[in-house]
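The structure under discussion appears below in the form of structure tokens.
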Amino acid sequence: MKARRQAKILEIIKHHVIETQEELAEALGRQGIPVTQATVSRDIKELQLNKVPTGDGRYRYGVPEEVPSVSWDKRRRIFQESVLGVDFSENLIVVRSLPGTAPGVASAIDHLGWPEMIGTVAGDDTVLIIVKPKEATTEVVERIRGLMR
69 MKARRQAKIL EIIKHHVIET QEELAEALGR QGIPVTQATV SRDIKELQLN
119 KVPTGDGRYR YGVPEEVPSV SWDKRRRIFQ ESVLGVDFSE NLIVVRSLPG
169 TAPGVASAID HLGWPEMIGT VAGDDTVLII VKPKEATTEV VERIRGLMR
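In the working numbering, each number is its position in the sequence shown, counted from 1, plus 68.
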């Protein structure tokens, strides 16, 4: 059932402009798949859907490959304008940022492609980075600080 529902979600967003979770739940319902907003929210996360611009000032759900890539210069600018500080303990790095900017900072970090970083978690003004192996943490911290300069 879950696989069928998620396949239907991908089909719907491919052929229709879906701006909200509620719209997606309604579209699924019309296809004979009743769902709650919470289920739609989980599916969006599992499918790694993102909001992409429609070209007319609106945003719709899209699959990750539809998301425009962010240039190296833009990533560096995100760090310079948003990141306030970096600290670490063992294999965990905490990046403090301006309120509301942590998701963008985390996305920039995720797209750096550094193999030592196995994941990020973003709040409102804090990003947690998990590093493996632990010995690589100080090097990753220094590279992040370099992006802030």
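Glycine residues also receive a C-beta, built at the ideal position from the N, C-alpha and C atoms. This structure is a prediction, so every number in the text was calculated from the model and none was measured.
Per DSSP, the bridge partner or partners of residue i
i: Ala204; result: According to DSSP, Ala204 bridges with nothing at all.
i: Met185; result: Val199
i: Ile161; result: Phe156, Ile197
i: Ala190; result: Val195
Own chain partners of residue i with C-beta closer than 6 Å, once the 5 adjacent residues on each side are dropped
i: Ile80; result: Ala95
i: Thr169; result: Ser150
i: Asp111; result: Gln74, Ile77
i: Leu215; result: Arg144, Phe147
i: Val103; result: Ala93, Leu96
i: Val108; result: Gln89, Leu92, Ala93
i: Asp178; result: Thr188
i: Phe14; result: Residue 14 lies beyond the range of the chain shown here (69 to 217); nothing can be said about it.
Per-residue burial, residue i [other beta carbons within 10 Å of its own, 16 or more giving buried]
i: Ile212; result: buried
i: Tyr127; result: exposed
i: Thr205; result: buried
i: Ile86; result: buried
i: Ala93; result: buried
i: Leu117; result: buried
i: Ile197; result: buried
i: Met25; result: Any answer about residue 25 is impossible in this case: the structure gives the chain only from 69 up to 217.
Same chain, Cβ closer than 8 Å to residue i, neighbours up to 5 away in sequence not counted
i: Thr194; result: Val162, Val163, Arg164, Ser165, Ala170
i: Gln99; result: Lys76, Ile80
i: Tyr129; result: Ile81, Ile86, Glu87, Leu92, Ile112, Leu117, Asn118, Lys119, Val120
i: Arg217; result: Gln148
i: Val154; result: Ile161, Val162, Val163, Arg164, Val209, Ile212, Arg213, Met216
Close-in-space but distant-in-sequence residues of the same chain around residue i (CB under 7 Å, 5 per side omitted)
i: Lys202; result: Glu158, Asn159
i: Gln105; result: Gln89, Glu90, Ala93
Meets three-Cβ-pair contact criterion under 8 Å: the region 186 to 194 and the region 165 to 178: Segments in contact, yes.
Starting from the N-terminal side, write out each stretch of the alpha helix (DSSP H) that is 4 residues or longer and does not extend beyond the region 104 to 155. 105 to 114, 140 to 150
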